[in-house]
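Chemist: In the numbering used here, the protein residues as written are 10 to 274.
Note that the Cβ used here is the ideal one computed from N, Cα and C, for glycine as well.
Before I ask anything, let me first share the structure, which is written out below as structure tokens.
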């Protein structure tokens, strides 16, 4: 039962977040800031430019983390190793009591999950996410989440409110809503709330314990996530990073042992 829950966590990490953010806009791009007249108040569009420019940038990620997962029927703790090469691969190994339970990898065109407990594996095209959930999969979106950068469901009708060193930036349509809270002037992302009402999907994430990890800005070592969707159900997840290295090349390998059976989703 514990192995099953850990497998569900692994699948959740690689699929559910993409499902929730599948319609997201890619904000990992250069933005040209137009100087404002002195003392002119910043608009929501001005703040968006600053938010994009202040994102954490990394070509590589090599991290260790403690995981806690609770879906209401069972609470499970585990450890994980997470690796990323920008725009190419995201890899994760989940362990319990020092033994690997699951391994997963996503590439721009494929999704792989290895079940050590049952000696099974799944290998699906990235279109599996679109076929199953009617949403596009996107490795860029998932790596933005890993780095702790904001991912936008919508940028329509934006609003911004800055007060007492905190910025709240929000946008919404009939189909989607997202709210972000930042600490100024460093634009550390503190809280995220996103919702797709018509799709019955919502997510809240708190980002805490910012520390230097060798990047262009500090990295959030503690993430607390609450998610609710038709595809994944309700779940609370806490990710506490214990080691993070950015921009240091690392080996990323994924192989299927002999005699493992392929499962069909």
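Mind checking whether residue 69 and residue 255 have CB atoms under 9 Å apart?
Modeler: Yes, Cβ-Cβ distance for residue 69 and residue 255 is below 9 Å.
Chemist: Based on Cα-Cα distance, which residue from 246, 94 and 187 lies nearest to residue 83?
Modeler: Of the listed residues, the one whose Cα sits closest to residue 83 is 246.
Chemist: Identify, in the order they occur along the chain, each residue of the same chain with its Cβ nearer than 7 Å to the Cβ of residue 152, setting aside the five sequence neighbours on each side.
Modeler: Closer than 7 Å at Cβ, skipping near neighbours: 93, 95 and 99.
Chemist: State the CB to CB distance for the pair residue 157 and residue 229, rounded to an integer number of angstroms; the pair is presumed to be in contact (CB under 8 Å).
Modeler: Sure, about 4 Å apart at Cβ, within 8 Å.
Chemist: Just the C-alpha distance for residue 122 and residue 65, rounded to the nearest angstrom, thanks.
Modeler: Their backbone Cα atoms lie some 28 Å apart in a straight line.
Chemist: Need the endpoints of the beta strand (DSSP E) that residue 124 sits in, please.
Modeler: Residues 119-124.
Chemist: Could you check the C-alpha separation between residue 257 and residue 148 for me, to the nearest Å?
Modeler: Answer to the nearest angstrom: the Cα atoms are 20 Å apart.
Chemist: Mind checking residue 150: buried by the 16 CB within 10 Å criterion, or exposed?
Modeler: The residue is buried, with at least 16 neighbouring Cβ atoms inside 10 Å.
Chemist: Give the DSSP-derived three-state secondary structure of residue 170 in the structure shown.
Modeler: Looking at residue 170 - three-state DSSP - the assignment turns out to be strand.
Chemist: Between 233, 73, 110 and 59, which lies nearest to residue 126 when the distance is taken from Cα to Cα?
Modeler: Residue 110 is the option with its Cα nearest to residue 126.
Chemist: Should the stretch 48-59 be called in touch with the stretch 73-89, which here means at least 3 C-beta pairs below 8 Å?
Modeler: Not touching, per the Cβ criterion.
Chemist: From the DSSP secondary-structure annotation, give me the bridge partner or partners of residue 135.
Modeler: Per DSSP, none; premise fails for residue 135.
Chemist: Please determine, among 213, 159, 129 and 220, the residue with the shortest C-alpha to C-alpha distance to residue 270.
Modeler: Checked all of 213, 159, 129 and 220; the closest Cα to residue 270 is 129.
Chemist: Alpha carbon to alpha carbon, what distance is there between residue 124 and residue 118?
Modeler: One C-alpha to the other measures close to 21 Å.
Chemist: With distances taken Cα to Cα, identify the nearest neighbour of residue 244 among 81, 63, 67 and 51.
Modeler: For residue 244, the nearest C-alpha among the options comes from 81.
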